[in-house]
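Peer 1: In my numbering, the protein residues as written are 14 to 582.
Even for Gly, the Cβ is constructed at its ideal location relative to N, Cα and C.
I'd like to ask some things about the structure below.
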């Protein structure tokens, strides 16, 4: 099997940095892993297809009856073929069920190419409650805008929304990550020189009316409406009777108020106009990240299904996954003999130079400062591995190399030996280095991502440009088993203090109840519903997703000075 890596040759590198494989694709374990991941991905795809139906067949029919396309039909016409990379499809998944649900939070967001130029698309889905803003709708739009701000991505808004979903207004209206932040971001993006185009292709009512008007270009189709108050509210407030068209139609806004730059007859004409405008944009200075001609990995991405094993009893080698993601399967490993439960090193993905920080799931033998040998558990961050990663992350910042984090982490090591070795100090150093990094950070949650290990591996709170997850990801303070054991023990002691003793059966039931709740909350779909994860990706598409993210990051040429402040030593 190792011979497969010899197919790629490069005169600038020696074969010593090519990752080889020890995987046997004919083994029972490989085939069982393949089936497990294939079944999981099939479930994710089926759910994704259901979400893409938006408000359902009748709502789609109603949209067509108005002479309008659905949001997904608009995006298909707007984006260059096969370039739309959706983000946040699981937003609001299994939320707001008392209101009939809000598939994809009623708004579609993602990266695409228009006339080869990368853009962010934000499109209201009018088939979901007339495109009304639920709490998660605001957060999803803001997340898309934040990605655009961090990476300087031009943004296209396809507006078709009834405004705030009034029954939940208290959770939509007032806070820093609520509805008003959208318009604040419009203004900030404009000041930063990030192009924004808004196309009003339906209703644009009340406070939502500010969004298109705060963009660089405003387009509007016949039959659409743009007003701070609709005809009914105007009559109630001031007694004036006026038609929707006279109050805020496309003809009025293009000829009288002068609010609209382009008056278009229908959706298709409007989309053609957007493409025509984008096609004439100039090109801005690109970022300093090094990129060469991409080379495909020497090993097949399809084999990732058979490599990954979710069972703690069968640890897998993370390098087998890296070998199927990195260009030419080439990897210059940093300090390979030290801190072995974290893999650090340099490679390329899609031609981009990257620094890799990845949890190694294989157990390793380590020698301490006194010459004693010990076994280190895979997926656990020890003092040595945290120190190694800290130094490596700082080196990548010093040399302008983007960082890619691959999570499968149980957390930091605990116990007397770990505390005596300075695990808190080493962990704080790693968290500091991650927090203050100025190069793009992209995170991929492969398996578990628990506790402070999640933080140190550039969790969501540490500003990764993009956060991806495999369907095998698990994401929480601790695993369901650990949480259940801890909470049951606390509950038993509380009851015993009150004079009550639980039977073994009652303890078992309590344990299972807690574990079920935790397992549901650690599922990546739960996190994606709350936008902790930008996209659940097919493991085979890990490389493509990272390349998309790196191409987006390359649009931002500005790199702040790297400083870490006070480090514990």
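1) Smallest Cα separation from residue 124: which of 253, 531, 96?
2) Counting along the chain, where does the beta strand (DSSP E) carrying residue 122 start and finish?
3) Nearest CA to the CA of residue 399: which residue from 382, 408, 425, 374?
4) By Cβ distance, which residues of its chain are closer than 6 Å to residue 531, with the 5 residues on each side in sequence left out?
5) Determine the burial state of residue 433: buried for a count of at least 16 other Cβ atoms within 10 Å of its Cβ, exposed for fewer.
6) Tell me the rounded alpha-carbon separation between residue 563 and residue 498.
7) Tell me the rounded alpha-carbon separation between residue 91 and residue 217.
8) Once DSSP output is grouped into helix, strand and coil, what is the label at residue 99?
9) Pull the bridge partners of residue 416 from the DSSP assignment, please.
10) Going residue by residue through the stretch 455–530, where are the continuous alpha helix (DSSP H) segments of at least 4 residues, counting only ones entirely within it?
11) Please specify which runs of the alpha helix (DSSP H), each continuous and at least 4 residues long, are wholly inside the stretch 537–565, giving them in chain order.
12) Quick one: is residue 46 buried, meaning 16 or more other Cβ sit within 10 Å of its Cβ, or exposed?
13) By Cβ distance below 6 Å, which residues in the same chain neighbour residue 585 in space, the five residues on each side in sequence not counted?
14) If distances are taken between C-alpha atoms only, which option among 288, 247, 294 comes closest to residue 94?
15) Suppose you measure from the CA of residue 72 to the CA of residue 262; what does that come to, to the nearest Å?
16) Spatial neighbours of residue 577 within its chain, please: CB distance less than 8 Å, with the 5 preceding and 5 following residues excluded, ordered by chain position.
17) Of the residues 546, 416, 554, 313, which one's Cα is nearest the Cα of residue 303?
18) For the alpha helix (DSSP H) containing residue 56, name the first residue and the last one.
19) Residue 115 and residue 141 look like a contact to me (Cβ under 8 Å); what is the Cβ gap, rounded to whole Å?
20) Pick out the complete beta strand (DSSP E) segments inside the stretch 170–251, 3 residues or longer, and give them in chain order.
21) Starting from the C-beta of residue 310, find all residues in its chain whose C-beta is less than 8 Å away, skip the five residues before and the five after it, and write them out in chain order.
22) Touch check for the stretch 157–169 and the stretch 121–137: three-plus C-beta pairs under 8 Å?
23) Compare the C-alpha of residue 533 against each of 86, 106, 68 and name the closest.
24) At which residue ranges does the stretch 322–402 contain complete alpha helix (DSSP H) runs of 4 or more residues, listed in the order of the chain?
25) Per DSSP, what kind of secondary structure is residue 136 in: helix, strand or coil?
26) In the structure shown, what three-state DSSP assignment does residue 303 receive?
27) As a quick exercise: from 459, 269, 235, pick the residue whose alpha carbon is nearest that of residue 322.
28) For residue 204, count neighbouring C-beta atoms within 10 Å of its own C-beta (all shown protein chains included) and say buried if the count is 16 or more, exposed if not.
29) Closer than 8 Å is the cut-off here; do at least three beta carbon pairs connect the stretch 231–250 with the stretch 183–197?
30) Are the Cβ atoms of residue 213 and residue 233 separated by less than 8 Å?
31) Short check: CB of residue 348 to CB of residue 403, under 8 Å?
32) I need the straight-line Cα distance from residue 283 to residue 231, nearest angstrom please.
Peer 2: Reading it off the structure:
1) 96
2) 120–127
3) 425
4) 493, 496
5) exposed
6) 41 Å
7) 20 Å
8) strand
9) 368, 454
10) 464–469, 493–510
11) 537–542
12) buried
13) The shown model of the chain, from 14 to 582, leaves out residue 585, and the question about it has no answer.
14) 288
15) 23 Å
16) 407, 445, 446, 449
17) 416
18) 41–64
19) 6 Å
20) 209–218, 230–234, 238–240
21) 336, 337, 338, 339, 340, 341, 342, 556
22) yes
23) 106
24) 331–335
25) strand
26) coil
27) 459
28) exposed
29) no
30) yes
31) no
32) 10 Å
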